[in-house]
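These notes concern the structure reproduced below.
Protein chains: 2
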Amino acid sequence: MATPPSARARATVNDVALAAGVSRQTVSNALMHPERVRPQTLQRVHTEIERLGYTPSTAASSLRQQRAGAVGMELTGQGADTLSDALAPFLVSLTICAPRHECHIVTFGSDGGGPVLEQYREMWRSRLVDAFVLMDTHHDDPRPAWLTGHGIPFASFGRVWDDPSFTAWADVDGRAGTDAAVEHLVSRGYGPIGFLGWPAGSLVGDERRQGWADATARHDRSHATLQATTEQRFPDAVAAAGPLVERVGRGGAVVCASDMLALAVHEVLLTRGMTPGRDVGIVGFDGSQSARAHGLTSIAQPYRAIADELLTQVHDQLTTGRAHSTGSMLTPTLVAGSSSQP
Amino acid sequence: MATPPSARARATVNDVALAAGVSRQTVSNALMHPERVRPQTLQRVHTEIERLGYTPSTAASSLRQQRAGAVGMELTGQGADTLSDALAPFLVSLTICAPRHECHIVTFGSDGGGPVLEQYREMWRSRLVDAFVLMDTHHDDPRPAWLTGHGIPFASFGRVWDDPSFTAWADVDGRAGTDAAVEHLVSRGYGPIGFLGWPAGSLVGDERRQGWADATARHDRSHATLQATTEQRFPDAVAAAGPLVERVGRGGAVVCASDMLALAVHEVLLTRGMTPGRDVGIVGFDGSQSARAHGLTSIAQPYRAIADELLTQVHDQLTTGRAHSTGSMLTPTLVAGSSSQP
Numbered sequence: 000m001a002t003p004p005s006a007r008a009r010a011t012v013n014d015v016a017l018a019a020g021v022s023r024q025t026v027s028n029a030l031m032h033p034e035r036v037r038p039q040t041l042q043r044v045h046t047e048i049e050r051l052g053y054t055p056s057t058a059a060s061s062l063r064q065q066r067a068g069a070v071g072m073e074l075t076g077q078g079a080d081t082l083s084d085a086l087a088p089f090l091v092s093l094t095i096c097a098p099r100h101e102c103h104i105v106t107f108g109s110d111g112g113g114p115v116l117e118q119y120r121e122m123w124r125s126r127l128v129d130a131f132v133l134m135d136t137h138h139d140d141p142r143p144a145w146l147t148g149h150g151i152p153f154a155s156f157g158r159v160w161d162d163p164s165f166t167a168w169a170d171v172d173g174r175a176g177t178d179a180a181v182e183h184l185v186s187r188g189y190g191p192i193g194f195l196g197w198p199a200g201s202l203v204g205d206e207r208r209q210g211w212a213d214a215t216a217r218h219d220r221s222h223a224t225l226q227a228t229t230e231q232r233f234p235d236a237v238a239a240a241g242p243l244v245e246r247v248g249r250g251g252a253v254v255c256a257s258d259m260l261a262l263a264v265h266e267v268l269l270t271r272g273m274t275p276g277r278d279v280g281i282v283g284f285d286g287s288q289s290a291r292a293h294g295l296t297s298i299a300q301p302y303r304a305i306a307d308e309l310l311t312q313v314h315d316q317l318t319t320g321r322a323h324s325t326g327s328m329l330t331p332t333l334v335a336g337s338s339s340q341p
Numbered sequence: 000m001a002t003p004p005s006a007r008a009r010a011t012v013n014d015v016a017l018a019a020g021v022s023r024q025t026v027s028n029a030l031m032h033p034e035r036v037r038p039q040t041l042q043r044v045h046t047e048i049e050r051l052g053y054t055p056s057t058a059a060s061s062l063r064q065q066r067a068g069a070v071g072m073e074l075t076g077q078g079a080d081t082l083s084d085a086l087a088p089f090l091v092s093l094t095i096c097a098p099r100h101e102c103h104i105v106t107f108g109s110d111g112g113g114p115v116l117e118q119y120r121e122m123w124r125s126r127l128v129d130a131f132v133l134m135d136t137h138h139d140d141p142r143p144a145w146l147t148g149h150g151i152p153f154a155s156f157g158r159v160w161d162d163p164s165f166t167a168w169a170d171v172d173g174r175a176g177t178d179a180a181v182e183h184l185v186s187r188g189y190g191p192i193g194f195l196g197w198p199a200g201s202l203v204g205d206e207r208r209q210g211w212a213d214a215t216a217r218h219d220r221s222h223a224t225l226q227a228t229t230e231q232r233f234p235d236a237v238a239a240a241g242p243l244v245e246r247v248g249r250g251g252a253v254v255c256a257s258d259m260l261a262l263a264v265h266e267v268l269l270t271r272g273m274t275p276g277r278d279v280g281i282v283g284f285d286g287s288q289s290a291r292a293h294g295l296t297s298i299a300q301p302y303r304a305i306a307d308e309l310l311t312q313v314h315d316q317l318t319t320g321r322a323h324s325t326g327s328m329l330t331p332t333l334v335a336g337s338s339s340q341p
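Note that the protein sequences, when read in sequence, are chains A and B.
Heads up: the first sequence runs through residues 0 to 341, numbered per numbering that gives the first Met the number 0.
Heads up: the second sequence runs through residues 0 to 341, numbered per numbering that gives the first Met the number 0.
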């Protein structure tokens, strides 16, 4: 009988101690009281912890005894001056869901440039929080591997793209979202359906593009020439939206990878004397307030469900010392506004 | 020699006990351990505390001994689905400033409809936080008087309009902001300068209108017919902006009470084939991200300075038991974009 994956041999504190040539106590100190360990030794222990994929159950059991009852959230993942549209609604959802999970939310951050990982370490070591929720993870984001290596419980809003084996996440199914956007536009009678997205290589963006490509292919619509890409900056998006609007033409529609891109299409239509919806359909992505304010149809993120799932995940890690075996993919919902009303 | 206001007789715990017909210990319990007091008695004590304006110094001294090192911030003052544009940048500023004030920020909130004051009481009584920062106070907001009555330290982003004697606030000088907007537009050579604001009676709005009225009068510009009002909803703002844009005409400009109103003027110009800035100037208020994205000139709120001031105020209340004798009025800064470039 094959050994199931969940029962495969896990590295123990002994394995780490042996590999690093130190005592078990030193490994424990390296994790719980790093100030008691010489820097060189600390470095060696952490190298072995990461190499062996060791998850210290001692940390989990210590947390069980002495809980802060708090989950930390960094507010500066994207820099204080370029806040994600998702930040405020997600944080509100996390805050409102927290009492159901017997915890509260502590925010932290810096102006950037500073050693962010050091802040995570300090927050956790001083028992201000028991765990973290991350958002806006990205390629080469050092946080997930570092937190895992230090045995610090966390869950991520968004998959950890650099580590497909990481399971403590909740995310929105971008492909299902843009697929639903195409179905909606087809049912409303729009003709050519284009896509305004980000340059290839952004994994969130690629997934959102794929949903549009799959759905247009299913409806036997040619789409190869109906896509344009732009960085997530409004003036660039307006420049990219102009030629795309011309190619889809009156009676056509544009699915966008974000609400900001959708607002750019909206602006292009207005400057050309066209009415969003009546002349050209638009569907955005994220369900942001500014999309709603402008009457844009958008694919809304289920922030409450995401927050609940992430807090369940950190709670389970704290009580069992283990992450769920799979992440949680949630389906977003299309919220119709006037921009897809022909 | 007249007694200075700061030395006037303050209600004591004896006054409250006498008025409520209970012992001093019961008054103390009502504040620190309400679960030990019968509901009817609790009600009577709180009624007298509020009537007499009693601020319990015992609470302050107890806090000195046993600090949470945390300041609470409610995230649902305006309802979870209509978040203020200011929420995310202000909370980020508060979070980043907090370590300088030896504290961290704990968020809390509810879906609305629930007893919000009860949440403040629980947060404070369970020592999860030492004090609160409020934002979005408004007419008939029960929070300031309730917190004052319970001797719970707090400071408010925005004046407490119902209580001009309240001093623990930091706010932005709206009048100076719109005055600077007019000066900027005059120096850029714009002709008639209109104002798009909220209906009279919103005190923030009235102040912003006044700055525009004062400055246009100073430049001998008639303005009586160049104002329009709208609720803070995008479609309403677009409807109100149309006739106003016609009255100021090409070469004129519009100062707006918020960035959302400025975006509405922006949209009206686009639909009429006009270019913001070149044809009609626009200045918004708040310095929001969406204003920046659209190239709008805006009056930016100094969130960092506000956060620093509020955390100083709560820290001083916690250490001295007293609020500053005056609130802190901060001057906003005009950030020029293309919408005021003729």
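Think of the CB as a built atom: it goes at the ideal place given N, C-alpha and C, for glycine as much as any other residue.
Below-8 Å beta-carbon distance, residue i vs any chain B residue
{"i": "F371(A)", "result": "One cannot answer for residue 371(A) here, as it falls past the ends of chain A, which runs 0 to 341."}
{"i": "S289(A)", "result": "yes"}
{"i": "I151(A)", "result": "no"}
{"i": "E49(A)", "result": "no"}
{"i": "A79(A)", "result": "Per-residue confidence for A79(A) stands at a pLDDT of 42, beneath the threshold of 50, marking its modelled position as unreliable; no derived number is given."}
{"i": "F131(A)", "result": "no"}
{"i": "G280(A)", "result": "no"}
{"i": "T215(A)", "result": "no"}
{"i": "D110(A)", "result": "yes"}
{"i": "P88(A)", "result": "yes"}
{"i": "L269(A)", "result": "yes"}
{"i": "G276(A)", "result": "no"}
Proximity test, Cβ basis, 8 Å: residue i and chain A
{"i": "F284(B)", "result": "no"}
{"i": "E230(B)", "result": "no"}
{"i": "H103(B)", "result": "yes"}
{"i": "G251(B)", "result": "no"}
{"i": "V91(B)", "result": "yes"}
{"i": "L41(B)", "result": "no"}
{"i": "F156(B)", "result": "no"}
{"i": "L260(B)", "result": "no"}
{"i": "L333(B)", "result": "no"}
{"i": "F233(B)", "result": "yes"}
{"i": "G239(B)", "result": "Strictly speaking, residue 239(B) in this sequence is Ala, with Gly absent from that position. No, because no Cβ of chain A sits closer than 8 Å to the Cβ of A239(B)."}
{"i": "T11(B)", "result": "no"}
Integer-rounded CB distance, given that residue j should sit under 8 Å from residue i
{"i": "R43(A)", "j": "A19(A)", "result": "5 Å"}
{"i": "I298(B)", "j": "A154(B)", "result": "Contact flag wrong, Cβ pair sits at about 23 Å."}
{"i": "G196(B)", "j": "T228(B)", "result": "6 Å"}
{"i": "D172(B)", "j": "M328(B)", "result": "5 Å"}
{"i": "T224(B)", "j": "R208(B)", "result": "The Cβ separation is near 14 Å, so there is no contact."}
Three-state class that DSSP yields for residue i in the structure shown
{"i": "C96(A)", "result": "helix"}
{"i": "V334(B)", "result": "strand"}
{"i": "P141(B)", "result": "coil"}
{"i": "H45(B)", "result": "helix"}
{"i": "S339(A)", "result": "helix"}
{"i": "P88(A)", "result": "helix"}
{"i": "L17(B)", "result": "helix"}
{"i": "L309(A)", "result": "helix"}
{"i": "S125(A)", "result": "coil"}
{"i": "E245(A)", "result": "helix"}
{"i": "V279(A)", "result": "strand"}
{"i": "S186(B)", "result": "helix"}
{"i": "H314(B)", "result": "helix"}
{"i": "Q24(A)", "result": "helix"}
{"i": "L225(B)", "result": "coil"}
{"i": "A169(B)", "result": "strand"}
{"i": "H103(A)", "result": "strand"}
{"i": "M259(A)", "result": "helix"}
- [ ] May I ask you to list, following chain order, the residues of the region 177-206 of chain A that have a beta carbon less than 9 Å from some beta carbon of chain B?
- [x] Using a CB distance below 9 Å, no part of the region 177-206 of chain A faces chain B.
Open item on the list: Counting beta carbon pairs with one atom in the region 278-286 of chain A and one in the region 296-312 of chain A, are three or more of them shorter than 8 Å?
Closed with: Yes, the region 296-312 of chain A is in contact with the region 278-286 of chain A.
- [ ] Check whether the region 162-177 of chain A touches the region 97-111 of chain A, taking contact to mean three or more Cβ pairs, one atom from each stretch, closer than 8 Å.
- [x] By the C-beta criterion, the region 162-177 of chain A is judged not to be in contact with the region 97-111 of chain A, since fewer than 3 inter-stretch pairs fall below 8 Å.
Open item on the list: Residues of the region 289-321 of chain A in Cβ contact with chain B at a cutoff of 8 Å, in chain order, please.
Closed with: Cβ contacts with chain B come from S289, A292, H293, G294.
Task: Validate contact between the region 255-270 of chain B and the region 228-238 of chain A using beta carbons, cut 8 Å, 3 pairs - done: No, the region 255-270 of chain B does not touch the region 228-238 of chain A.
TODO: Assess, as a yes-or-no matter, whether the region 258-270 of chain A is touched by the region 317-328 of chain A under the definition of 3 or more beta carbon pairs within less than 8 Å.
DONE: No, the region 317-328 of chain A is not in contact with the region 258-270 of chain A.
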